[in-house]
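Residue numbers for the sequence shown follow UniProt numbering, so the first one is 1 and each next one is one higher.
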Amino acid sequence: MTASQNIDQAVNHLFRQASGKMVAVLVKIFGTENYALAEDVVQDALLSGLETWKFNGIPNNPEAWLFRVARNKAIDIIRRRKHQSDVDFSNPDQLPPSAEDTLEQHWQDENIKDDFLGMMFACCHPDISPENQVTFILKSLCGFSTREVARAFLTSEDTISKRLYRTKAFFRASRIRPHIPPPAQLSGRLDAVLNSLYLLFNEGYSATQHEQLIREDIIAQAIYLCQCLLDHAHTRQPRAAALMALFSFHAARIHSRLHIDGTIIPLSQQDRQQWDKNLIATGNEWLNKAAVGTALSPFHLEAAIAYEHCIAPNYAATNWKMILSYYDALLQLTKDPVILLNRSVAMLEYAGAKAALQSLEALEGHRQLNRYYLYHAVLGEIYKRMGEKEKAVACFEQARLLTAAQQEQEFLAAKIADT
Numbered sequence: 001m002t003a004s005q006n007i008d009q010a011v012n013h014l015f016r017q018a019s020g021k022m023v024a025v026l027v028k029i030f031g032t033e034n035y036a037l038a039e040d041v042v043q044d045a046l047l048s049g050l051e052t053w054k055f056n057g058i059p060n061n062p063e064a065w066l067f068r069v070a071r072n073k074a075i076d077i078i079r080r081r082k083h084q085s086d087v088d089f090s091n092p093d094q095l096p097p098s099a100e101d102t103l104e105q106h107w108q109d110e111n112i113k114d115d116f117l118g119m120m121f122a123c124c125h126p127d128i129s130p131e132n133q134v135t136f137i138l139k140s141l142c143g144f145s146t147r148e149v150a151r152a153f154l155t156s157e158d159t160i161s162k163r164l165y166r167t168k169a170f171f172r173a174s175r176i177r178p179h180i181p182p183p184a185q186l187s188g189r190l191d192a193v194l195n196s197l198y199l200l201f202n203e204g205y206s207a208t209q210h211e212q213l214i215r216e217d218i219i220a221q222a223i224y225l226c227q228c229l230l231d232h233a234h235t236r237q238p239r240a241a242a243l244m245a246l247f248s249f250h251a252a253r254i255h256s257r258l259h260i261d262g263t264i265i266p267l268s269q270q271d272r273q274q275w276d277k278n279l280i281a282t283g284n285e286w287l288n289k290a291a292v293g294t295a296l297s298p299f300h301l302e303a304a305i306a307y308e309h310c311i312a313p314n315y316a317a318t319n320w321k322m323i324l325s326y327y328d329a330l331l332q333l334t335k336d337p338v339i340l341l342n343r344s345v346a347m348l349e350y351a352g353a354k355a356a357l358q359s360l361e362a363l364e365g366h367r368q369l370n371r372y373y374l375y376h377a378v379l380g381e382i383y384k385r386m387g388e389k390e391k392a393v394a395c396f397e398q399a400r401l402l403t404a405a406q407q408e409q410e411f412l413a414a415k416i417a418d419t
């Protein structure tokens, strides 16, 4: 990676973190009914940063620079609109008439953290559907593009745009107050927040719409957001610790997944000496912390699967029987077809191609998976091991058509050539 690419990646990572924080603070100031106004201020601040830093260089504290620009723009809006109905500062949770004197308090670190978590939970209001909750968090607070969100959900950009529109309409109508919910209301809404972070990490681990397959900036963002939850007394729960364990185990492997030329190295061929032992140890610590209580979440089981991969001295020594048992337990908690697909990969290694093909039969005709390149790639690998070359090539070709990542296309092309 060139120095210029490193700088671009650092700026993108900064913008993702800063934009979510700015949205949260500005929504606290303007109210959820004025979410679009908060978005406009954030976009103006980010554009100011891009234009100014291009000539003057990145400041020593770029996040504080962006916050100051956003704060000043908010003050300008308050001055212009204080007598208009679209920004109602009569609400005691919003700014008093002496806005300029008190606005600074909203940009203190502790208040920003609380507002950020509060906005995440506002996105997960029970009157917002689960898919809209996660979509809105990814788009508004995590800096995803509409296309990235669509690929994360295996759906179309038009569907995502409609979800975003409905959620904004709900905010305009309900004027809910962003806050961290009390313990009695926390459980379901914490699940939605954790699911959004899970999708965010997945996008970084295997990017759908970027020239780089691995987006370390997005991975760092997901880990940062999860740490925010673990730093707060109310949200420091076992399932959040389990998710952090899962992130740690997967992040430990990122530097062994690609050759120098950017081509993909499958798990079976990765140099395990490159795996980050400190991150694996960190993941193990979080997994132990997640073992408190009796609740078992999908994150506990996925982290346990990742742990088995991390502790195996080599691919052949992987405990596939234990991994299959974890997948079976996962399927008791969720009917996610991707879990069934991943279980089929474990079945392929444990019991062979015929057993794996039988496992995949339950997924035949599944509309979502028919658009998912990995489904066809796995099916191609099964047919390849069964000696059915024509079927294998057809599946690999279909998988190539369904992925936009160049590295994945090249990997599949190599599979075709080797079949």
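By construction, the Cβ of each residue, glycine as well, lies at the ideal position given by its N, Cα and C atoms.
By how many angstroms is the C-alpha of A150 removed from the C-alpha of Q358?
30 Å
From the DSSP output, which residues share a beta bridge with Q264?
Checking the displayed sequence, the identity of residue 264 turns out to be Ile instead of Gln. DSSP, once it has assigned bridges, lists L258 as partnering I264.
Write down the C-beta distance between F171 and T32 rounded to the nearest angstrom, noting that I regard them as a contact closer than 8 Å.
4 Å
Taking M22 and F67 to be in contact with their CB atoms under 8 Å, please state how far apart those CB atoms are, rounded to whole angstroms.
7 Å
Nearest residue (CA-CA) to L46, options E110, N34, G20, Y326
G20
If I measure Cβ to Cβ from I137 and keep anything under 8 Å in the same chain, skipping five residues before and after, which residues do I get?
M120, C123, C124, A192, V193, S196
Could you check the C-alpha separation between K73 and A404 for me, to the nearest Å?
38 Å
Below 7 Å CB to CB, which residues in the same chain sit around Y35 once its five sequence neighbours on both sides are set aside?
V27, K168, F171
Helix, strand or coil for S174? Go by DSSP, reduced to three states.
helix
DSSP three-state call for E51: helix, strand or coil?
helix
Rounded to the nearest angstrom, what separates G262 and E148 at their Cα positions?
21 Å
Starting from the Cα of D328, find the closest Cα among T235, A346, P313, I311 and give me that residue.
A346
Does the distance from the C-beta atom of R163 to that of W107 stay below 7 Å?
no
Cβ-based neighbour list, L229, same chain, cut-off 6 Å, excluding 5 preceding and 5 following
T235, A240
Would H259 be called buried (16 or more neighbouring beta carbons within 10 Å of its own) or exposed?
exposed
Determine the contact status of G143 and R16, defining contact as a CB-CB distance below 7 Å.
yes
Could you tell me if N132 is buried or exposed, where buried requires 16 or more neighbouring beta carbons within 10 angstroms of its beta carbon?
buried
What residue range does the alpha helix (DSSP H) around F201 cover?
183-205
Where S90 sits in the DSSP three-state scheme:
Any reading at S90 is ruled out, since the residue's pLDDT is 45, under 50, leaving its predicted position unreliable.
Enumerated in chain order, which unbroken segments of the alpha helix (DSSP H) with a length of 4 residues or greater are wholly contained in the stretch 137-163?
146-152
Could you check which residue in S268, K384, A351, I339 has the C-alpha nearest to that of P313?
S268
Selected residue, minimal CA-CA separation from A338, among A306, Y372, K54, R257:
The amino acid occupying residue 338 in the given sequence is Val; Ala does not appear at that position. When each option's Cα is compared against that of V338, the closest is Y372.
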